[in-house]
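Peer 1:
2 protein chains.
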Amino acid sequence: MTESSSADAVLATANVVPHRKKYARKKIAAIEAAARVFADKGFHGATTQDIAAEMGIQQGSLYYYFKSKEAALQEVCEYDFSNYVQRMKKICAKDQPFEAKMLAIVTSHLTNYSQKSNAMKVHNEQRLYLPAERRVVLKELGTTYRRLLEQTLAEGIAQGLVRNDIDTHFVAYSIIGICNSWGANLFRDDSLDVFETIEQCSDLILYGTLNKR
Amino acid sequence: MTESSSADAVLATANVVPHRKKYARKKIAAIEAAARVFADKGFHGATTQDIAAEMGIQQGSLYYYFKSKEAALQEVCEYDFSNYVQRMKKICAKDQPFEAKMLAIVTSHLTNYSQKSNAMKVHNEQRLYLPAERRVVLKELGTTYRRLLEQTLAEGIAQGLVRNDIDTHFVAYSIIGICNSWGANLFRDDSLDVFETIEQCSDLILYGTLNKR
DNA sequence: GAGTTTTTCTATAGATTTATAGAATTATTC
DNA sequence: GAATAATTCTATAAATCTATAGAAAAACTC
């Protein structure tokens, strides 16, 4: 559970000045520490003391990195989210058969979960404790993601591959629901295999449970 | 959002002595008030003051009904759960075609959500904040429920109606995941139609998204 | 290495929160 | 209606939590 790698997003915003670079690195560590603690104890259950301890600093020092506890939650929820939506855009833009796209979408979702699990878990479970003002960016990104999914389904229908009697809006929400539900399971249970889970999820979404007649 | 009706469960345990009956009634009101508050603010975000205010009593008086805040969470999570599992048992015991059973299961789940929404929401989202000792009953009931679902799927396979290459364990979890995800949506969005949602959920589970060839 | 900037620490104000004890009130019983 | 039991209230102890201010330490610059 390191969640490193995509320091990129935050690092990119930092100037090349060594000072800022070092700050940015530690800021990422702070976000990831907060993500771990919030994932474990929930926003209200976690204390700034917990987060500071997770970073190995004193409680008061935490405020060098976060303006407030609430700001920390917001940053955790937004952490790497736009990269994730970006990846979704790429998947949807590709010229591939519907089944392959769906597999790629589920893969992206669950892979992201198994890599950025804490931040994603916190986003899914705790973001509603943020006041609406702090959720505008999240809402936008979430809507973009869902629309891409709906669009992909609509394309599948247009190609005659997907049933034309489904409600794309409903199915999009359902897919997100299944993926998040399995994401949480993967988080909880180490013995689960990510790729096995991916297979089964997309299989269920595509084919359902009934035998073909 | 009254959540009355099934006072039965708790009332049944109370002796016929008028005293106990009145206490039991108010205790149910306490559980439902706690459910509303926990659903809204989360376990740690809610205060005993909030729950007391919701009941129209003073903070200290709340301890006449709950031994502790944690005990209140446990009681909310367990509230009406065993009735719910009981209903599931009846559905599964019936001699009906697989499709009808699945529709009944989804209906039971989502109908329960729209009636006992607060307690169910709290159960789904907050129960893990309880220490393991307080979750034994919940765990048992949950396992029973999932097993019934798995068994129903297995019967469907035996009858040749359900694909024999699915993993019943995985599919059972997925069904629960979809239902809970839509339960939460129904909770949030009043404009959604419960029966429409039920239709769509079971349709997706049964037939998936692809056209038959 | 003196001076400057960044990072961390300590200490604390001020507000909340859970849970308890004992008094006060209300309801029930005979 | 006096005696008893149930319910609610008030007041408070004890613990905890966020956020801030200013000092101390560490890192960096020239």
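Line by line, the protein sequences are chains A and B. Mapping the first sequence onto the working numbering, position 193 (from 1) lands on 193, and the numbers just tick up by one. Positions in the second sequence are counted from 1; adding 213 to them yields the working numbering. Ideal placement from N, C-alpha and C gives every residue a C-beta, glycine not left out. None of the values given here were measured: they were computed from a predicted structure.
1. Just the C-alpha distance for B/Val375 and B/Gln299, rounded to the nearest angstrom, thanks.
2. Taking the alpha carbon of B/Thr261 as the reference point, which residue from B/Lys239, B/Ala284 and B/Thr356 has its own alpha carbon closest?
3. Per DSSP, what kind of secondary structure is B/Leu405 in: helix, strand or coil?
4. At a CB distance below 7 angstroms, what residues from the stretch 247-265 of chain B approach chain A? Give them in sequence order.
5. Just mark A/Thr197 as buried or exposed, buried being the case when its beta carbon has 16 or more other beta carbons within 10 Å.
6. B/Gln339 and B/Leu286: beta carbons closer than 8 angstroms?
7. For A/Ser5, count the other beta carbons within 10 Å of its own beta carbon; 16 or more makes it buried, fewer makes it exposed. Which is it?
8. Applying the 10 Å Cβ sphere with the 16-neighbour rule, what's the burial state of A/Val136?
9. Can you name, in chain order, every residue of its own chain whose Cβ lies under 8 angstroms from the Cβ of A/Leu153, other than the five neighbours on each side?
10. Could you tell me which residues DSSP pairs with A/Val162 in its beta bridges?
11. For A/Ala93, does the three-state DSSP call read helix, strand or coil?
12. Measuring CA to CA, which of B/Gly421, B/Ile370 and B/Phe294 is closest to B/Leu351?
13. Among A/Lys69, A/Leu141 and A/Trp182, which has the Cα closest to the Cα of A/Val194?
14. Helix, strand or coil: which one does DSSP assign to A/Gln86?
15. Verify whether the separation of the beta carbon atoms of A/Tyr145 and A/Ala119 is less than 8 angstroms.
16. Could you tell me if B/Tyr277 is buried or exposed, where buried requires 16 or more neighbouring beta carbons within 10 angstroms of its beta carbon?
17. Using the rule of at least 16 other Cβ atoms within 10 Å of the residue's Cβ for burial, across every protein chain shown, is A/Ser191 buried or exposed?
18. Give the list of continuous alpha helix (DSSP H) stretches no shorter than 4 residues that lie fully inside the stretch 267-347 of chain B.
19. So, for B/Ser415: in the same chain, excluding its five sequence neighbours on each side, which residues have a beta-carbon less than 6 angstroms away from its beta-carbon?
20. Would you verify that the beta carbon of B/Leu351 is, or is not, closer than 8 angstroms to some beta carbon of chain A?
21. Taking A/Ala39 as the reference, which of A/Ile175, A/Ser68 and A/Ser117 has the closest Cα?
22. Quick one: using the 10 Å Cβ neighbour count with 16 as the cut-off for buried, is B/Glu245 buried or exposed?
23. For A/Lys94, count neighbouring Cβ atoms within 10 angstroms of its own Cβ and tell me buried if that reaches 16, exposed if not.
24. Secondary structure at B/His382, three-state DSSP: helix, strand or coil?
25. Here's a check: name, in chain order, each residue in its chain whose Cβ is nearer than 7 angstroms to the Cβ of A/Ala29, leaving out the five neighbours to either side.
26. Exposed or buried, B/Gly369, counting other C-beta atoms within 10 Å across all chains shown (16 or more means buried)?
27. Enumerate in chain order the residues of its own chain whose CB-to-CB distance from B/Asn398 is below 8 angstroms, with the five nearest sequence positions on each side excluded.
28. Spell out whether any CB of chain A is found under 8 angstroms from the CB atom of B/Ile418.
Peer 2: This is what the structure gives:
1. So the alpha carbons of these two residues sit roughly 25 angstroms apart.
2. Just measuring C-alpha positions, the residue of B/Lys239, B/Ala284 and B/Thr356 sitting nearest B/Thr261 is B/Ala284.
3. Collapsing the DSSP output to three states places B/Leu405 in coil.
4. Taking 7 angstroms as the upper bound on Cβ-Cβ separation, chain A lies near residues Gly255, His257 and Gly258 of the stretch 247-265 of chain B.
5. By the neighbour-count criterion, in which a residue is buried when 16 or more other Cβ atoms sit within 10 angstroms of its Cβ, A/Thr197 is buried.
6. Cβ atoms of B/Gln339 and B/Leu286: closer than 8 angstroms.
7. The pLDDT assigned to A/Ser5 is 39, lower than 50, so where the model puts this residue is not dependable, and the model offers no usable value.
8. Classification for A/Val136: exposed.
9. Around A/Leu153, the same chain offers Val162, Ile166, Thr168, Val171 and Ala172 as residues with beta carbons nearer than 8 angstroms, after the five sequence neighbours per side are excluded.
10. DSSP, once it has assigned bridges, lists B/Leu423 as partnering A/Val162.
11. Three-state DSSP puts A/Ala93 in a helix.
12. Nearest option by C-alpha distance: B/Phe294.
13. Nearest to A/Val194 by alpha-carbon distance, out of A/Lys69, A/Leu141 and A/Trp182, is A/Trp182.
14. Residue state, collapsed to three classes: helix.
15. No, the pair does not count as a contact, with Cβ atoms beyond the cut-off.
16. The C-beta of B/Tyr277 has fewer than 16 other C-beta atoms within 10 Å across all chains shown, which makes the residue exposed.
17. By the neighbour-count criterion, in which a residue is buried when 16 or more other Cβ atoms sit within 10 angstroms of its Cβ, A/Ser191 is exposed.
18. Listed in chain order, they are 282-291, 294-306, 311-328 and 330-339.
19. Here the set comprises Met315, Leu316 and Val319.
20. At a cut-off of 8 angstroms between beta carbons, B/Leu351 makes no contact with chain A.
21. When C-alpha distances from A/Ala39 are compared across A/Ile175, A/Ser68 and A/Ser117, the shortest belongs to A/Ser117.
22. The residue is buried, with at least 16 neighbouring Cβ atoms inside 10 Å.
23. That one is exposed.
24. In the structure shown, B/His382 sits in a helix (DSSP, three-state: H, G or I).
25. Met55, listed in sequence order.
26. By the 10 Å Cβ count, B/Gly369 comes out buried.
27. Same-chain partners within the cutoff: Leu405 and Thr410.
28. At least one C-beta of chain A is nearer than 8 angstroms to the C-beta of B/Ile418.
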